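Data first, discussion second: the structure below is written as structure tokens.
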Amino acid sequence: MNRKNISRKQQTWNALATVVALTAVLMLGACAKKAAPPPPPPPPASPSPTAAISVSPDTIQKGQSSTLTWQTTNATDVSIDGIGAVQPNGSQQVSPADSTTYHLTAKGAGGTQDATTRLTVTPPPVVQAAPPSTSEEDLFGQTIKDVYFDYDKSDLRGDQSASIQSDMLFLNQHPGINFTVEGHCDNRGSTEYNLALGDQRASSVKNALVTAGISASRIKTISYGKEKPFCMEDNEACWQQNRRGHFVYQK
Amino acid sequence: MQDTHRDRQRKVPQPLQSVPTGASPLGRLSSLLLLILLLASASFAQDWVRTGSGLGVDKVRLAVPDFKPSSADPLNTALLKTFNDTFWNDLDNSGVVELVSKSFYPLQVPGLPAEVTFGVWNSPPPNAAMMAFGNLAVAAGKVTVQGWLYDVKNTASPQVLGKQYSDVPTDDATRLIAHKFADEIIYRLGGGIAGISESKIFFVSDRGGHKEIWGMDYDGSNQRQLTHEGSIALSPRISPDGSRVAFSALTKTGWDILMYSMDLNRLVSFPRFGGTNLSPAWSPDGAKLAVSSSRGGNSQIYVCDANGANLHRMTSGKGPDVSPAWNRKTGAQIAFVSGSTGLPQVYTMEADGTNLLRMTDQGYAVSPNWSPNGQFLTLAWIRKYGPGEPGSSDIYLMDIASKQWVQLTHDGGRNDFPSWSPDGRHIVFQSSRSGKEEIWEMLADGTKLHQLTFTGRNSQPNWSWK
């Protein structure tokens, strides 16, 4: 059986080799015909074209315009990508929304020549000036982190020290900001006790800030106990949301 | 008072001693009702099945047939309904009589002494020992009620009481007449302790959008708003003479004690202490207030004069200390809540700040209120607390001398802020058992529970002193 298979394979290979050889002969014949062109005519004497393009100024703010200037010689067909066919020499006002690379193509009898120039567009000044004009209140709201507490506890939890550190950093950098620390509790405890507990929480946040050098005169405290919950559901995730020292910017 | 205290200290040398759960005789208790209550429940402190022991004292069986009209004025019908409903409820809620069901009454009921047929009342089915009856008439722009209390077993000399009341023919005036006559009967049949039908309950309601101080009659009628702070008003406490309500409110300067005059129907001036000021409490002579204030840092108990002068600090732990309550009989001690050891616990101290005693041994204990006879505290307590022990906040009663306690509420919801009635037989409290916070009332043994408020959320009830 094995021997039979082998001999069949060999026959197949032989047949394939024959086909390949024949094809090669035919192709060689064809090539031999094309490979014998008449000698080319001498090249024309036309000079090759030149092209130059520039933009001035090369940086604008969004909404302003700039002048694009180009010169070509020996070109019959001049175009700029994005603008289209243009005169061989010229200039044009452009006011793109985004930074743009202008690609000049000059075609002539003597060949093709390209040139490029780039116009950089920067965002308008209003946008650039926006961050400095953001109010301290907005910055306060974006930066300050509330401090969260354990159940029935008013001492600062270890995992809250990062929040307090960043709060202190911000408050030191913005000495003009006065603020209130609100003490809040979850809704499980009793009304009166929770108000006292919320008071201790607010004081405990205030004391940490004062110890770190924030002037006590900038800080007010108030307890809301369980009177103004952030979250109304009866589960630990919600209760944790409600056990906090909440920072409020003072106008 | 000194003797009492030495006695207490000898008995309970360890402030943290656990509450004994076994039955022990409480010979010191003189109030009959409360003796019954404690003996019945002490051996099963956490089991609320009432055993039969101590329940052998039968209450007087009182028949109260509807009062009859004695004139033909068309106003009679409406006023009679008000009178009969109010009168029946007062007697039924009093806890001192057993009302004979109206289904046992004969068809002909008396409106005048001459119409009383003793035989049908003093034998079964009514089998009444006493009968209250009478008539009501509107005539000449006045409503007049005549009422009698008869000892129907004593046919020779049956009359215990005979009263006549006259007032303007309004619903409110008629209700007041019913309260007055009911109180006369409760006073006679209840061991000489004055009835409470004319007492008031002050509370916090948010039904107008903000938490404000409200007042109502003891049975829930005549609910009316007192304050209009527009912020958050909490913890109303009526003065012993009923002339002022002290409360705590969020003002522009923080939580301050404010004073509302019941005579002037407006706020009267009271000094601002600074810090967070909460939970005012009147001394029984009305001369002093105890408050919780954080003016010195942590929340501590302070005492000042009734006008806010002479504020001085009474506690000095790390706090927070809140919710003071004076011994209503002597004014010599103050109970309060402190979180100085973790979860809040109830403590007592002398009114001068000495002799601090911890009353509760575990859990979350708040809102103490002293009984009128000075022997008991009622408080809100989550005894079993912590992971895997989802305890509920229930109303408890504690004998101060022995620290033995009885659980009064069992029916779910969060129960808080118990306050005794002037006769010591009732406790009003807030409960969420109906789905939202409302005011409920019960007898001081936990029975005859009924709801007093239904509109909005209502909390922190405080019963008047008389």
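Listed in order, the protein sequences are those of chains A and B. Residue numbering for the first sequence follows the working numbering, starting at 630 and increasing by one per position. Residue numbering for the second sequence follows the working numbering, starting at 116 and increasing by one per position. Every residue gets a Cβ at the ideal spot worked out from N, C-alpha and C, and that includes glycine. Model, not experiment: these values are computed from the prediction.
Cut-off 7 Å between Cβ atoms - residues of its own chain near residue i, not counting five sequence neighbours on either side
i, result
"methionine 377 of chain B", "Gly357, Ser358, Arg359, Val360"
"valine 212 of chain B", "Lys174, Val175, Leu177, Leu206, Leu304"
"valine 877 of chain A", "Phe808, Thr809, Glu811"
"glycine 446 of chain B", "Ser398, Pro399, Asp400, Ala466"
"phenylalanine 799 of chain A", "Thr772, Ile773"
"phenylalanine 385 of chain B", "Ile372, Leu373, Met374, Gly423"
"glutamine 722 of chain A", "Ser694, Thr696"
"glutamate 552 of chain B", "Gln545, Arg572, Asn573, Ser574"
"asparagine 816 of chain A", "Lys855, Pro858, Asn871"
"lysine 433 of chain B", "Asn413, Ser455"
"glutamine 340 of chain B", "Gly323, Glu327, Trp329"
Nonlocal neighbours in the same chain, by C-beta distance under 8 Å from residue i, ignoring five residues either side
i, result
"leucine 382 of chain B", "Thr342, Leu373, Met374, Tyr375, Ser376"
"aspartate 118 of chain B", "Its pLDDT being 43, under 50, aspartate 118 of chain B is placed unreliably by the model, and nothing is read from it."
"aspartate 687 of chain A", "Ser695, Thr746, Arg747, Leu748, Thr749"
"alanine 659 of chain A", "With a pLDDT of only 46 at alanine 659 of chain A, under the threshold of 50, the placement of this residue in the model should not be trusted, and no figure is reported."
"glutamine 879 of chain A", "Ile806, Asn807, Phe808, Thr809, Lys849"
"tyrosine 220 of chain B", "Ala178, Pro180, Pro241"
"phenylalanine 769 of chain A", "Phe799, His803, Ile806, Phe808, Phe876, Tyr878"
Rounded Cβ spacing between residue i and residue j (contact assumed at less than 8 Å)
i, j, result
"serine 819 of chain A", "alanine 495 of chain B", "6 Å"
"arginine 290 of chain B", "asparagine 577 of chain B", "Rounded, the Cβ-Cβ distance is 22 Å, inconsistent with contact."
"alanine 480 of chain B", "glutamine 460 of chain B", "5 Å"
"glycine 111 of chain B", "serine 507 of chain B", "As shown, chain B starts at 116 and ends at 581. That puts residue 111 of chain B outside it, with no answer to give."
"aspartate 188 of chain B", "valine 253 of chain B", "4 Å"
"proline 284 of chain B", "glycine 256 of chain B", "7 Å"
"serine 852 of chain A", "aspartate 828 of chain A", "4 Å"
"serine 350 of chain B", "leucine 393 of chain B", "6 Å"
"threonine 197 of chain B", "aspartate 286 of chain B", "5 Å"
Close-in-space but distant-in-sequence residues of the same chain around residue i (CB under 6 Å, 5 per side omitted)
i, result
"proline 717 of chain A", "Thr701, Ala704, Val707"
"glycine 335 of chain B", "Leu567"
"aspartate 727 of chain A", "Val750"
"threonine 524 of chain B", "Asp509, Ile510, Asn530"
"glycine 390 of chain B", "Ser408, Ser409, Arg410"
"glycine 210 of chain B", "Arg540, Leu558"
"lysine 857 of chain A", "none"
"aspartate 743 of chain A", "Thr734"
"tryptophan 868 of chain A", "Asp815"
"threonine 259 of chain B", "Ala252, Ser281"
"leucine 152 of chain B", "Low local confidence applies: a pLDDT of 48 at leucine 152 of chain B is under 50, so the model's placement there is unreliable, with the coordinate-based value given in what follows. So the qualifying residues of the chain are Asp560."
"serine 579 of chain B", "Ser314, Lys315, Ile353, Gly357"
"aspartate 538 of chain B", "Ile308, Ile311"
"phenylalanine 202 of chain B", "Ala293, Ala297"
Per DSSP, cross-strand counterpart(s) of residue i
i, result
"arginine 339 of chain B", "B:Gly330"
"glutamine 522 of chain B", "B:Tyr511"
"aspartate 531 of chain B", "B:Gln545"
"asparagine 573 of chain B", "B:Ser320"
"glutamate 811 of chain A", "A:Ile851, A:His875"
"proline 184 of chain B", "B:Leu251"
"leucine 472 of chain B", "B:Thr463"
"glutamine 742 of chain A", "A:Ala735"
"glycine 719 of chain A", "A:Trp699"
"serine 407 of chain B", "B:Leu393, B:Ile416"
"glutamate 553 of chain B", "B:Ser546"
"glycine 262 of chain B", "B:Gly249, B:Lys278"
"arginine 176 of chain B", "B:Glu213"
"threonine 729 of chain A", "A:Leu748"
"glutamine 566 of chain B", "B:Trp555"
Exercise for the section: Could you list the residues in the segment 819-831 of chain A with a C-beta less than 7 Å from some C-beta on chain B, going in chain order? Expected result: Ser819, Thr820, Glu821, Tyr822, Leu824, Ala825, Leu826, Asp828, Gln829
Practice task
Select from the segment 411-435 of chain B all residues with a C-beta closer than 8 Å to any C-beta belonging to chain A, and list them in chain order.
Solution key: Gly412, Asn413, Ser414, Gly434, Pro435
Handout entry: Any 3 or more C-beta pairs closer than 8 Å across the segment 429-439 of chain B and the segment 412-421 of chain B
Key = yes
Handout entry: Residues of the segment 388-413 of chain B with Cβ closer than 9 Å to any Cβ of chain A, in chain order
Key = Shown in chain order are the members of the segment 388-413 of chain B whose Cβ falls below 9 Å from a Cβ of chain A: Gly390, Thr391, Leu393, Ser394, Ser407, Ser409, Gly412, Asn413.
Exercise for the section: May I ask you to list, following chain order, the residues of the segment 360-377 of chain B that have a beta carbon less than 9 Å from some beta carbon of chain A? Expected result: Ser363, Leu365, Gly369, Trp370
Exercise for the section: Can you give me, in chain order, the residues of the segment 473-507 of chain B that have a beta carbon less than 8 Å from any beta carbon in chain A? Expected result: Tyr479, Val481, Ser482, Ala495
Exercise for the section: Name, going along the chain, the residues of the segment 304-325 of chain B whose beta-carbon falls closer than 9 Å to a beta-carbon of chain A. Expected result: Val319
Exercise for the section: Scan the segment 844-867 of chain A for residues whose Cβ lies nearer than 7 Å to a Cβ of chain B and list them as they occur along the chain. Expected result: Ile851, Ser852, Glu856
Problem - contact_flag[the segment 787-805 of chain A, the segment 826-833 of chain A] where n(CB pairs < 8 Å) is 3 or more - result: no
Handout entry: Cβ pair count under 8 Å reaching 3, the segment 534-548 of chain B against the segment 309-329 of chain B
Key = yes
Exercise for the section: Would you list, in chain order, the members of the segment 510-533 of chain B that have their beta-carbon closer than 7 Å to a beta-carbon of chain A? Expected result: Asp531
Handout entry: Stretch pair the segment 181-190 of chain B + the segment 269-282 of chain B: three plus CB contacts closer than 8 Å
Key = Short answer: they don't touch.
Practice task
Count the CB pairs spanning the segment 231-251 of chain B and the segment 260-275 of chain B that are closer than 8 Å, and state whether there are at least three.
Solution key: yes
Exercise for the section: Could you name the residues of the segment 449-464 of chain B whose beta carbon sits closer than 8 Å to any beta carbon of chain A, in the order they occur along the chain? Expected result: Val452, Gly454, Gly457, Leu458, Pro459
Handout entry: Residues of the segment 323-353 of chain B whose Cβ lies closer than 7 Å to any Cβ of chain A, in chain order
Key = Ile347, Leu349, Ser350
Practice task
Can you give me, in chain order, the residues of the segment 774-807 of chain A that have a beta carbon less than 7 Å from any beta carbon in chain B?
Solution key: Answer set for the segment 774-807 of chain A: Asp781.
Practice task
Using a Cβ-Cβ cut-off of less than 7 Å, list which residues of the segment 270-304 of chain B approach chain A; keep chain order.
Solution key: none
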